[in-house]
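Trainee:
Residue numbers (UniProt numbering): 1 to 186.
(1) Assign residue 75 to buried or exposed, taking buried as 16 or more other Cβ atoms, counted over all protein chains shown, within 10 Å of its Cβ.
(2) Using a Cβ distance threshold of 8 Å, determine whether the segment 141–156 contacts the segment 112–125, with at least three qualifying pairs required.
(3) How many angstroms separate the CA atom of residue 62 from the CA atom of residue 160?
(4) Are residue 173 and residue 138 close, meaning C-beta to C-beta below 8 Å?
(5) Taking buried to mean at least 16 other C-beta atoms within 10 Å of its own C-beta, is residue 64 buried or exposed?
(6) Select from 118, 42 and 10 the residue whose C-alpha is nearest the C-alpha of residue 24.
(7) Is there contact here, the segment 80–93 with the segment 36–45, by at least three beta-carbon pairs under 8 Å?
(8) Could you give the residue range of the alpha helix (DSSP H) that holds residue 68?
(9) With DSSP as the reference, label residue 51 as helix, strand or coil.
(10) What span of residues does the alpha helix (DSSP H) with residue 188 cover, start to end?
(11) For residue 156, which residues in the same chain have their Cβ closer than 6 Å to its Cβ, ignoring the five residues on either side in sequence?
(12) Start and end of the alpha helix (DSSP H) containing residue 195?
(13) Three-state secondary structure (DSSP) at residue 25?
(14) Who are the near neighbours of residue 52 in its chain, counting only those whose CB is closer than 7 Å to its CB and skipping five residues on each side?
(15) Quick check: residue 28 and residue 35, are their CB atoms within less than 8 Å of each other?
(16) State the Cα-Cα distance for the pair residue 130 and residue 84, rounded to the nearest angstrom.
(17) For the alpha helix (DSSP H) containing residue 187, list its first residue and its last residue.
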């Protein structure tokens, strides 16, 4: 079935998508992904991050397709709302992380020798720099485990991903951090 970008044709795909029809979803994705990406990019202002957030948008659209209500608007309007919300959530999350990092960097540390403080600050900067090289998904998982004290199972539930995926993200992130902090290339 070939579908143009017309609203009615896109809306007609939604019952099939809600029923789990992957072909209908692929068609809908092909017709709408540039629009969703554009909305996200305008908010996050980073092409790589926009691609990641757009992927999250479509994961949510797939999972929530049964909640689409054509009486409340078109599927494109529904997708635009999800796109904008996900993008704003990501910007807010990034801002919260930056504020948390600033607070952590200014925490008073009781040290005997002032040179120890310089070493600690340098180590903190190196660690933060290494964490910043992680993908957003890895960084989010690591921050939940090490800054929020979440278990792997809680990370999986919070991120709505399988437990194995959460463990793999954390493991891969730790390996990457270890390589970075030991001075090896990633």
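The beta carbon of each residue, even a glycine, is placed where N, CA and C say it ideally should be.
Mentor: Straight from the coordinates:
(1) Here residue 75 corresponds to residue number 75 of the chain shown, with the count starting at 1. Under this definition residue 75 is a buried residue.
(2) no
(3) The sequence position of residue 62 within the chain shown is 62, counting from 1. The sequence position of residue 160 within the chain shown is 160, counting from 1. Those two C-alpha atoms are separated by around 13 Å.
(4) Numbered from 1 along the chain shown, position 173 holds the residue referred to as residue 173. Numbered from 1 along the chain shown, position 138 holds the residue referred to as residue 138. Contact: yes.
(5) On the chain shown, residue 64 is found 64 positions in, with the first residue counted as 1. The residue is exposed, with fewer than 16 neighbouring Cβ atoms inside 10 Å.
(6) The count along the chain shown starts at 1 and reaches residue 24 at position 24. Residue 10 is the option with its Cα nearest to residue 24.
(7) yes
(8) Here the question's residue 68 lines up with position 68 in the chain shown. It is not in any alpha helix (DSSP H) - residue 68 carries neither H nor E in the DSSP assignment.
(9) What you label residue 51 is simply residue 51 of the chain shown in a count that begins at 1. The answer is helix: DSSP assigns residue 51 an H, G or I state.
(10) The chain is shown from 1 up to 186; residue 188 falls before or after that span and cannot be answered.
(11) Counted from its first residue, the chain shown places residue 156 at position 156. The residues are 163 and 166.
(12) Limits of the chain in this structure are 1 at one end and 186 at the other, which puts residue 195 out of reach.
(13) Indexing the chain shown from 1 puts residue 25 at position 25. Reduced to three states, the DSSP call for residue 25 is helix.
(14) In the chain shown, residue 52 corresponds to position 52, counting from 1. Within the same chain, residue 52 has close Cβ partners 136.
(15) Within the chain shown, the letter at position 28 stands for residue 28. Within the chain shown, the letter at position 35 stands for residue 35. Result no, Cβ atoms of residue 28 and residue 35 do not sit closer than 8 Å.
(16) Mapped onto the chain shown, residue 130 falls at position 130. Mapped onto the chain shown, residue 84 falls at position 84. Those two C-alpha atoms are separated by around 29 Å.
(17) The chain is shown from 1 up to 186; residue 187 falls before or after that span and cannot be answered.
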